[in-house]
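**Student:** Got a structure for you, questions after.
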Amino acid sequence: MDAQGWEEKYASTTQLWRTEPNQFVISHSASWPAGTAVDIGCGEGHDVVWLAKHGWTVHGIDFSATAIDRLRQAAQHAGVTDRVSGFVGEAAEIFAREGWADLDLVLLSFLHFEQLPQLIETVAQGVVPGGRIMVATHAFALPWHPASFVAWTGADLIDRVHLPDFGVESSTRLETELTDKNVTRVDDVVVFRRHMAQ
Ligand SMILES: C[S@@+](CC[C@H](N)C(=O)[O-])C[C@H]1O[C@@H](n2cnc3c(N)ncnc32)[C@H](O)[C@@H]1O
1 MDAQGWEEKY ASTTQLWRTE PNQFVISHSA SWPAGTAVDI GCGEGHDVVW
51 LAKHGWTVHG IDFSATAIDR LRQAAQHAGV TDRVSGFVGE AAEIFAREGW
101 ADLDLVLLSF LHFEQLPQLI ETVAQGVVPG GRIMVATHAF ALPWHPASFV
151 AWTGADLIDR VHLPDFGVES STRLETELTD KNVTRVDDVV VFRRHMAQ
């Protein structure tokens with residue numbers, strides 16, 4: 001879906017996603033020291049706010065101005081506006097403009113387009129030695145996903161992403177039975193970690 005499609009989707013409702021953070025953000029980051037993070041395609045910001053409440057400074061980027069407005073409201077409600085900033089626009093363009101080079105974490109959750117490996121390689125340039133990129137994907141399309149949806153397994157991503165300065169720290173699969181819809185949702189989470197400087 002393009003930027004306009006996402007904006008229309010957010011603007012058509014008062015809340016598109018649930019307010020809870022993604023479980024894999026909680027479980028993976030529990031053992032990581034808080035630092036500076038970017039959440040790419042952050043939507044209404046449930047992961048951004050959760051990380052900020054746990055001491056991180058977080059930049060959220062999304063195509064949708066409506067989603068970023070909701071992120072700002074959620075940050076205000078949680079009392080973390082000093083650690084949260086929102087950016088509206090295309091992620092690679094915002095990265096190039098902001099020139100971030102101090103990132104301990106880049107989070108990319110459920111971005112389903114063909115150029116995802118290239119975007120990961122672009123944002124990797126802003127990650128410090130020892131920093132991480134966490135990518136969560138639906139491994140298979142679900143019945144309601146649009147025709148333009150590109151499913152990514154963790155294995156496919158690891159194969160396609162060229163990150164010579166990084167290693168794969170973990171690669172996990174989560175299966176969730178959606179009993180009301182009679183399908184199993186399969187999500188892969190890959191964490192790439194930048195090698196420490198020699
Ligand atoms: C499926 S939603 C995921 C939202 C959130 N990360 C989550 O886990 O609930 C994908 C989001 O990414 C945004 N998005 C997709 N491609 C983007 C891009 N290239 N630059 C900025 N935002 C993008 C969309 O506007 C949408 O809000």
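Residues in the sequence shown are numbered from 1 upward in steps of one, following UniProt numbering. Ideal placement from N, C-alpha and C gives every residue a C-beta, glycine not left out.
#1: Use the C-beta contact count for Leu105: other C-beta atoms within 10 angstroms, 16 or more gives buried, fewer gives exposed.
#2: Is there at least one Cβ from chain B nearer than 8 Å to Asp39's Cβ?
#3: Could you pull out every residue in the same chain whose Cβ sits closer than 6 Å to the Cβ of Phe140, ignoring the five residues on either side in sequence?
#4: Taking the alpha carbon of Pro117 as the point to measure from, which residue in Val190, Ala30, Asp102 and Thr14 has its own alpha carbon closest?
#5: What's the C-alpha gap between Ala101 and Pro129?
#6: Exposed or buried, Ala37, counting other C-beta atoms within 10 Å across all chains shown (16 or more means buried)?
#7: Going by the C-beta, is Phe63 closer than 7 Å to any heavy atom of ligand 1?
#8: In angstroms with no decimal places, state the Cα-to-Cα distance between Gln23 and Lys53.
#9: Return the CA-CA distance between Ala96 and His162, expressed in angstroms with no decimal places.
#10: Which of the three DSSP states is assigned to Arg160 in this structure?
#11: May I ask you to list the residues that DSSP assigns as paired with His138?
#12: Tell me, please, which residues DSSP counts as bridged to Ala78.
#13: With a threshold of 16 other CB atoms inside 10 Å of the CB of Arg173, please say whether the residue is buried or exposed.
#14: Within this structure, are the beta carbons of Gly41 and Asp62 separated by less than 8 Å?
#15: What is the residue span of the beta strand (DSSP E) that Val49 lies within?
#16: So for Gly5, helix, strand or coil by DSSP?
#17: So, at 6 Å on beta carbons, what are the nonlocal neighbours of Val49 in its own chain, with the 5 sequence-adjacent residues on each side left out?
#18: Quick test of your reading: Glu44 and Arg70, contact by CB under 8 Å. State the CB separation rounded to the nearest angstrom.
**Tutor:** Straight from the coordinates:
#1: Translated into the one-based positions of the sequence shown, residue 105 becomes position 105. The residue is buried, with at least 16 neighbouring Cβ atoms inside 10 Å.
#2: Considering every chain present, this structure includes no chain B. It has just one protein chain.
#3: If you number the sequence shown from 1, residue 140 lands on position 140. Counting only Cβ-Cβ distances below 6 Å, and skipping sequence neighbours, we find Ala151 and Val186.
#4: Residue mapping note: residue 117 aligns to position 117 of the sequence shown, counting from 1. Of Val190, Ala30, Asp102 and Thr14, the smallest CA-CA separation from Pro117 is found for Val190.
#5: Your numbering for residue 101 matches position 101 in the sequence shown. Your numbering for residue 129 matches position 129 in the sequence shown. If you take the alpha carbons of Ala101 and Pro129, they lie about 10 Å apart.
#6: In the sequence shown, the residue the question calls residue 37 occupies position 37. That one is buried.
#7: As a working note, residue 63 is residue 63 in the sequence shown. Taking 7 Å as the cut-off, one finds at least one heavy atom of ligand 1 near enough to the beta carbon of Phe63.
#8: Taking the sequence shown and counting its residues from 1, the one referred to as residue 23 is at position 23. Taking the sequence shown and counting its residues from 1, the one referred to as residue 53 is at position 53. Gln23 and Lys53 have their C-alpha atoms spaced approximately 15 Å apart.
#9: For the purposes of this step, residue 96 is identified with residue 96 of the sequence shown, where counting begins at 1. For the purposes of this step, residue 162 is identified with residue 162 of the sequence shown, where counting begins at 1. One Cα belongs to Ala96, the other to His162, and the distance between them is close to 19 Å.
#10: Position 160 of the sequence shown, counted from the start, is the residue given in the question as residue 160. DSSP places Arg160 in helix when its eight states are reduced to three.
#11: Taking the sequence shown and counting its residues from 1, one reaches residue 138 at position 138. DSSP output for His138 lists Asp187 as bridge partner(s).
#12: Within the sequence shown, the letter at position 78 stands for residue 78. DSSP lists no partner for Ala78.
#13: On the sequence shown, residue 173 is found 173 positions in, with the first residue counted as 1. The residue is exposed, with fewer than 16 neighbouring Cβ atoms inside 10 Å.
#14: Counted from its first residue, the sequence shown places residue 41 at position 41. Counted from its first residue, the sequence shown places residue 62 at position 62. Against a cut-off of 8 Å, the Cβ pair of Asp62 and Gly41 comes out as a contact.
#15: Position 49 of the sequence shown holds residue 49. Careful: Val49 lies outside any beta strand (DSSP E), inside the alpha helix (DSSP H) at His46 to Lys53.
#16: Your numbering for residue 5 matches position 5 in the sequence shown. Note: Gly5 maps to helix in three-state DSSP.
#17: If you number the sequence shown from 1, residue 49 lands on position 49. Same-chain partners within the cutoff: Ala74, Ala75 and Ala78.
#18: Position 44 of the sequence shown, counting from 1, holds the residue named residue 44. Position 70 of the sequence shown, counting from 1, holds the residue named residue 70. The Cβ separation is near 4 Å, so the contact holds.
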